[in-house]
Structures are given as C-alpha cells and as structure tokens.
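Colleague: Chains as they are written, first to last, in the working numbering: chain L, 1 to 133; chain C, 1001 to 1350.
All residues carry an ideal CB built from backbone N, CA and C; glycine is no exception.
Dropping the structure in here first, questions after.
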Amino acid sequence: MAIPRFWREIASRYNLIGTKCGSCGKVDFPPRAVCPDCGRKSIGKMQRVKLTGKGTVVTYTVIHDAPAQFELQKPYVMAIIEMEEGVRLTSQVIDTKPEDVKIGMKVQAAFRKLGQEGEAGVIHYGYKFRPAG
Amino acid sequence: MKAGIVSYGGYIPRYRIRPKDIGIVWGADGEAMGRGLNIRAKSVPGPDEDVITISVEASRACMAKVDVDPTEIGAIYVGSESHPYAVKPTATIVAEAIGSAPVMTAADFEFACKAGTAAMQTTMGLTLSKMMKYGLAVGSDTSQGAPGDALEYSASAGGAAFLIGTDRTIADINHTVSYTTDTPDFWRREGQRYPSHGGRFTGEPAYFKHVIACAQLLFKRAGTTAEDYDYAVFHQPNGKFPVRAAKQLGFKDPQIDAGLCVREIGNTYSGAIMVGLCAILDEAESGDRIFAVGYGSGAGSDGFDITVTDEIGRIRRDATPTIKAQIEDHVFIEYSTYAKYRGKILMREG
C-alpha cells in the first residue's frame, strides 16, 4: 500500500473515526463526505464520530490459504463485525482459536500490526478485534 | 507540590511458553533453568504485536481509567530497547492512537530496562515545572534472547504506561533518586539482532550494586526504612535477583509478592518494574506506601518513594483487565509456534 494512502487513513485505522450524517443520523465507516441515503441534504452536515470499538460478529470465515504477509498467522479468522453504532466493517479476529469464534460473539477493537512494506519498509498499524472480556 | 501518578495501565500479550519447552529444543534441563530463575512461564507477543502495539494498548488502558482529555498531554516518551523502527518514533504512533497529537512533544527513550522509569522522571520534571499539565511515560519491550542463550528463558513481552501530573494524583511520588555508572553488563550493538551480556558479571557489579545503592539513597532521602512500606517492587530480570535485593534491604516476602510478576510472565525489560507497579496499584489502598527501584544495564537505577492517595478510589480501576487478570488469561504455546511468532524462522521473500 502506498505510504500516502495509508497515512490518509490513520485516523480511521487507529481510532475508528467514522462519520455521522447530520440529517438522518446514519453512521458510516470508513468516513464519507456525503451520506449515501440523504445525498445532497447531508452536505456540510457530516460529523466525525469515534466508534466505541464494541461490536458483534455477524459472520466470519477461516483463512487457510493466506497471502505471504499473513503466512505466520494462518489459520486466522476474518469477520464482518457490526459495531454498536450499527455500521459494519470487515476485520481480523485475534487472540482466539478459529473454532472458538461464533456468530453473535461480542468483540472489541484492539491495536495491532496490519502489515509492512517488507523488512525495510513502513509498518502499518490499525484495528483488529478480540473477544470482549 | 508533588508530581505523581494520575493513572496507569499495563498490557501483557496472551501467549506463554514454559522454560521446559525451551530447554527441550536445546538439550537443556529447562525445568531446572526455570526453577533457578524462579520463572514458571514467559509472555510471548503474537505475530502482529510489537512495542508499538503493546505501548498503545497500555496507554489506552491508562487513559480508560480517568476522564482526562488526551490533548492535555504535553509529552509522550516511550522507553524500550526493542522499538520496531531504528529511526521513526514509537511515541508519535502512541500519540495518534490515544488522540494526543499534534500539539505536544514526543520521543523514544533507550536505557536497557530502565528507559520507562527515566521517562517517568522526565515527565515529573515537566509537570512540576508547569511546562505542561500531563506527561505520559511508557515502558515496553518485546525482548529477545539469542536462541539457546540463558536469556531466552526469561526475555518476554509487555508494557505499562503512567500518566504523570500534579493534579488529582492517585499516587504521589514523594522522592526520586538515580544511581548511574558506566558498567558494560549487557548491550546490543547497532544492527545486531540479539543482545550480548557479561554472564555472571550482570549480578554483583551490575544489578545488585546499582539497585542496592539507589535503594539506600532513597531510604536516606525519604528518611525511611523497609518497615515503612506496604509494597516494594524492583526491576525483575528473573525471579531471583529482586527477591535477594529485597531481603538485603530488609523487605519481607508479603511486601514484594504483589509486584513480582516475573514469575508468571518473565522479564518484560523496560516494562518489568512498571508492570509490577501497575499490579500493586491494582490492589493498593489510600495511604499505602510503595518503594520502587528499577534497573537498566549499562548501568543505572531509578528509585521512587510513592504514597497512594484517596484519589485511587475515584478512578475506574476496573475499566480494563487488571495485571492479575491478564496474567491468568493465557495460552501456552510450544517452541515451534514461539519460533514462528518471534521471527526465528527464515521465510522466503514475498
């Protein structure tokens, strides 16, 4: 991933910053400039909102054939997570065995290494999810 | 006016390996090694954990306990000897991740295992002088021992963060003293993957000389003896050195038990005494007095005479798992998984 692209996404990747439509109240993640439901009515009304980091597993899959950067972590779980605010996002579920992950499981955001541009390159950090304590 | 701890937070990765399982690989009696070191297991970072992720988790745990606006933090210093970047600060990433940036200063510290306590002293000065309201001092490591080396049985991962200020402190730092000399007991040269050490030289002329001298200076400065303290915590490279140092200084087992985390998680280096101090603050009550002396190879000791205040009852100590709960919540792994997680297996490029 190009350095500027990741750098632009630091706020949302580190701190789950999304947007809330000032017109209908819908929360989006990642942040949007315009609400997909309200269109131009939302222009100038999109507010930054920090998600609580608490969510529920909607569905998940176990990755056995991983990209090179994730070889050390396989088998690992990728899940669609519905956040308390109603918005859904895709993320890795960590600190648990794949067989222990269940639909409906409560999870919370953690700060982890997402990848790196080789041994000499930039390291990318951001959210993953672990079972809620 | 005193500077003190406004909040605290610690983080220990979930994975553990037993000395026995390390010994099997190297044809050594790992169980005997573990008994000798007084270490039952050591923590291992997951494949996506490093000093930056551990520092962020510890700092977030620290901020979760209080209602402090993170933009009021004027400085973040992260002490470690395993910063992921040789050039590019860990502290800037911590600052962004807890919402403190950009109107603040930040830097990474290095002084073997005492860089975190050095950060505490620096932030004490900055807050006492009113240059800023709060400073965040972090000590964290994912330490490595060379495969088969004695260090491999103890070098572990973990970290802690302390929010330092002069207002609404949960624990006042009454006195701090340091004792520093040029002692080459343990080092890692630039570009080297694993540290080197002077074997038995790391004991008497290094750890014990500095810890005991610093502790005696602190007793003198505070006008106290071991009996005046409810808790004592020392740098804990293994479970043997701090116990011996404590006894020499007149402390009894019940005073050192709460902060002696090394027995269950190994030596978290820059995190070691700070995680121990977190474990004490998890259970301490108003009025309790804590004696803390860290140690960093190279070499030096930082000592702190601390008194817990009424404010400890007003923060949310249960906002994140206690150190005890994190120690208990663990998963044991074998050496093969440990080697994979710690990057000891040569992978193809890609």
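Assuming Lys137(L) contacts Val49(L) under a Cβ cut-off of 8 Å, what Cβ separation, rounded to an integer in Å, is found between them?
Modeller: Only positions 1 to 133 of chain L appear in the structure, and residue 137(L) is not among them; the question remains open.
Colleague: Who are the near neighbours of Pro1084(C) in its chain, counting only those whose CB is closer than 8 Å to its CB and skipping five residues on each side?
Modeller: Here residue 1084(C) corresponds to residue number 84 of the second sequence, with the count starting at 1. So the list reads Asp1050, Val1051, Ile1052, Thr1090, once near-sequence residues are dropped.
Colleague: Who are the near neighbours of Ala1239(C) in its chain, counting only those whose CB is closer than 7 Å to its CB and skipping five residues on each side?
Modeller: Indexing the second sequence from 1 puts residue 1239(C) at position 239. The question names Ala, yet the displayed sequence has Gly at residue 1239(C). Leu1037, Asn1038, Ile1039, Leu1260, Val1262, Arg1263.
Colleague: So which residues of chain C does Leu16(L) contact, with C-beta pairs closer than 8 Å?
Modeller: Here the question's residue 16(L) lines up with position 16 in the first sequence. Within chain C, no residue comes near Leu16(L); the closest Cβ sits about 11 Å away, beyond 8 Å.
Colleague: Between the C-alpha atoms of Tyr1008(C) and Gly39(L), what's the straight-line distance to the nearest angstrom?
Modeller: Looking up residue 1008(C) in the second sequence gives position 8. Looking up residue 39(L) in the first sequence gives position 39. Distance between the alpha carbons of Tyr1008(C) and Gly39(L) is about 45 Å.
Colleague: Which residues bound the alpha helix (DSSP H) around Lys1247(C)?
Modeller: Residue 1247(C) sits at position 247 when you count from the first residue of the second sequence. It spans 1241-1248 - the alpha helix (DSSP H) in which Lys1247(C) sits, taken as one unbroken run.
Colleague: Can you tell me which residues form a DSSP beta bridge with Asp1108(C)?
Modeller: Locating residue 1108(C) in the second sequence gives position 108, counting from the first residue. DSSP lists Val1078(C) as partners of Asp1108(C).
Colleague: Using a Cβ-Cβ cut-off of 8 Å, state whether Phe111(L) counts as contacting chain C.
Modeller: Residue mapping note: residue 111(L) aligns to position 111 of the first sequence, counting from 1. Yes, contact with chain C.
Colleague: With 8 Å as the limit, tell me which residues of the stretch 1039-1051 of chain C have their beta carbon closer than that to any beta carbon of chain L; keep them in chain order.
Modeller: Those residues of the stretch 1039-1051 of chain C that come within reach of chain L (Cβ to Cβ, closer than 8 Å) are Gly1046, Pro1047, Asp1048, Glu1049, Asp1050.
Colleague: Check for me: the alpha helix (DSSP H) holding Gln1358(C) runs from which residue to which?
Modeller: Nothing can be reported for residue 1358(C): it is not among the residues displayed for chain C, which extend from 1001 to 1350.
Colleague: What are the boundary residues of the beta strand (DSSP E) that Glu82(L) is part of?
Modeller: Walking along the first sequence from the start, residue 82(L) turns up at place 82. 76-83 is the extent of the beta strand (DSSP E) around Glu82(L).
Colleague: Exposed or buried, what is Arg5(L) when buried is set at 16 or more other beta-carbons lying within 10 Å of its beta-carbon?
Modeller: Taking the first residue of the first sequence as 1, we reach residue 5(L) at position 5. Per the 10 Å Cβ criterion, exposed.
Colleague: I need the straight-line Cα distance from Ile1323(C) to Cys1062(C), nearest angstrom please.
Modeller: By 1-based counting over the second sequence, the position of residue 1323(C) is 323. By 1-based counting over the second sequence, the position of residue 1062(C) is 62. Going from the Cα of Ile1323(C) to the Cα of Cys1062(C) covers about 12 Å.
Colleague: Taking contact to mean 3 or more Cβ pairs, one atom from each stretch, closer than 8 Å, check whether the stretch 1308-1317 of chain C and the stretch 121-130 of chain L are in contact.
Modeller: The answer is no - the stretch 121-130 of chain L does not touch the stretch 1308-1317 of chain C, with fewer than three Cβ pairs under 8 Å.
Colleague: Would DSSP call Ser1100(C) helix, strand or coil?
Modeller: Mapped onto the second sequence, residue 1100(C) falls at position 100. Residue state, collapsed to three classes: coil.
Colleague: Name the residue from Gln108(L), Pro31(L), Met46(L) whose alpha carbon lies nearest to the alpha carbon of Ala222(L).
Modeller: A query on residue 222(L) cannot be resolved here, the shown segment of chain L reaching from 1 to 133 and no further.
Colleague: Which residues in chain C have a C-beta closer than 9 Å to the C-beta of Leu51(L)? List them in chain order.
Modeller: To locate residue 51(L), count along the first sequence from 1; it is residue 51. Correct list: empty, because the minimum Cβ distance to chain C is about 13 Å.
Colleague: Need the endpoints of the beta strand (DSSP E) that Ala1137(C) sits in, please.
Modeller: In the second sequence, residue 1137(C) corresponds to position 137, counting from 1. Segment 1134-1142, the beta strand (DSSP E) holding Ala1137(C).
Colleague: Could you tell me which chain L residues have their CB closer than 8 Å to the CB of Arg1014(C), listed as they occur along the chain?
Modeller: As a first step, residue 1014(C) must be located in the second sequence, where it is residue number 14. Ordered by position in chain L, the residues that pass the 8 Å Cβ test against Arg1014(C) are Asp95.
Colleague: Cβ of Arg1014(C) within 8 Å of Cβ of Asp1329(C)?
Modeller: In the second sequence, the residue the question calls residue 1014(C) occupies position 14. In the second sequence, the residue the question calls residue 1329(C) occupies position 329. Yes, Cβ-Cβ distance for Arg1014(C) and Asp1329(C) is below 8 Å.
Colleague: Mark Gln1121(C) as exposed unless 16 or more other C-beta atoms lie within 10 angstroms of its C-beta, in which case mark it buried.
Modeller: Taking the second sequence and counting its residues from 1, one reaches residue 1121(C) at position 121. It is buried - the Cβ of Gln1121(C) has at least 16 other Cβ atoms within 10 Å.
Colleague: Which residues in the same chain have their Cβ closer than 7 Å to the Cβ of Gly104(L), if we skip the five residues on either side of it in sequence?
Modeller: As a first step, residue 104(L) is located in the first sequence; it is residue number 104 there, counting from the start. So the list reads Thr56, Val57, once near-sequence residues are dropped.
Colleague: Spatial neighbours of Ile1012(C) within its chain, please: CB distance less than 6 Å, with the 5 preceding and 5 following residues excluded, ordered by chain position.
Modeller: The residue labelled residue 1012(C) in the question sits at position 12 within the second sequence. Closer than 6 Å at Cβ, skipping near neighbours: Ser1043, Gly1158, Ile1265, Gln1326.
Colleague: Quick check on Pro1084(C): does DSSP put it in helix, strand or coil?
Modeller: The residue labelled residue 1084(C) in the question sits at position 84 within the second sequence. Note: Pro1084(C) maps to coil in three-state DSSP.
Colleague: Enumerate, from N- to C-terminal direction, the unbroken beta strand (DSSP E) stretches of 3 or more residues contained entirely within the stretch 1117-1198 of chain C.
Modeller: For the stretch 1117-1198 of chain C, whole beta strand (DSSP E) runs of length 3 or above, ordered along the chain, are 1134-1142, 1157-1165, 1171-1183.
Colleague: What in chain L is Cβ-close to Glu1057(C), meaning under 8 Å?
Modeller: Residue mapping note: residue 1057(C) aligns to position 57 of the second sequence, counting from 1. Ala110, Phe111, listed in chain order.
Colleague: Taking contact to mean 3 or more Cβ pairs, one atom from each stretch, closer than 8 Å, check whether the stretch 1278-1285 of chain C and the stretch 1243-1259 of chain C are in contact.
Modeller: Touching, per the Cβ criterion.
Colleague: Using a Cβ-Cβ distance under 8 Å, would Ile134(L) count as near chain C?
Modeller: The structure shown has nothing for residue 134(L), since chain L only spans 1 to 133.
Colleague: Is Pro1070(C) close to chain L, meaning its C-beta is less than 8 Å from at least one C-beta of that chain?
Modeller: Start at 1 with the first residue of the second sequence, and residue 1070(C) comes out as number 70. Pro1070(C) does not count as touching chain L.
Colleague: Using 8 Å as the Cβ pair cut-off and three pairs as the minimum, do the stretch 1129-1141 of chain C and the stretch 1195-1208 of chain C touch?
Modeller: No: the two stretches stay apart, fewer than three of their Cβ pairs being nearer than 8 Å.
Colleague: DSSP on Lys41(L), reduced to helix/strand/coil?
Modeller: Taking the first residue of the first sequence as position 1, residue 41(L) is located at position 41. It is helical.
Colleague: Taking the beta strand (DSSP E) that Glu1009(C) belongs to, which residues open and close that run?
Modeller: Counting from 1 along the second sequence, the entry for residue 1009(C) is found at position 9. It is worth fixing the name first, because residue 1009(C) is Gly in this sequence and not Glu. 1004-1011 is the extent of the beta strand (DSSP E) around Gly1009(C).
Colleague: Run through the DSSP bridge pairs and tell me what Tyr1231(C) is partnered with.
Modeller: Your numbering for residue 1231(C) matches position 231 in the second sequence. BP columns for Tyr1231(C) point to Ile1290(C).
Colleague: To be precise: take each residue of the stretch 1093-1109 of chain C, compare its Cβ to all Cβ atoms of chain L, and keep it if any distance is under 9 Å. Which residues remain?
Modeller: For the stretch 1093-1109 of chain C, which is checked against every Cβ of chain L, the residues closer than 9 Å are Ile1093, Glu1096, Ala1097, Ile1098, Gly1099.
Colleague: DSSP state of Ala1299(C), grouped into three classes?
Modeller: Position 299 of the second sequence, counted from the first residue, corresponds to residue 1299(C). Here Ala1299(C) sits in strand by DSSP.
Colleague: Check Met1347(C) in the structure and name its three-state DSSP category.
Modeller: Position 347 of the second sequence, counted from the start, is the residue given in the question as residue 1347(C). Correct three-state label for Met1347(C): coil.
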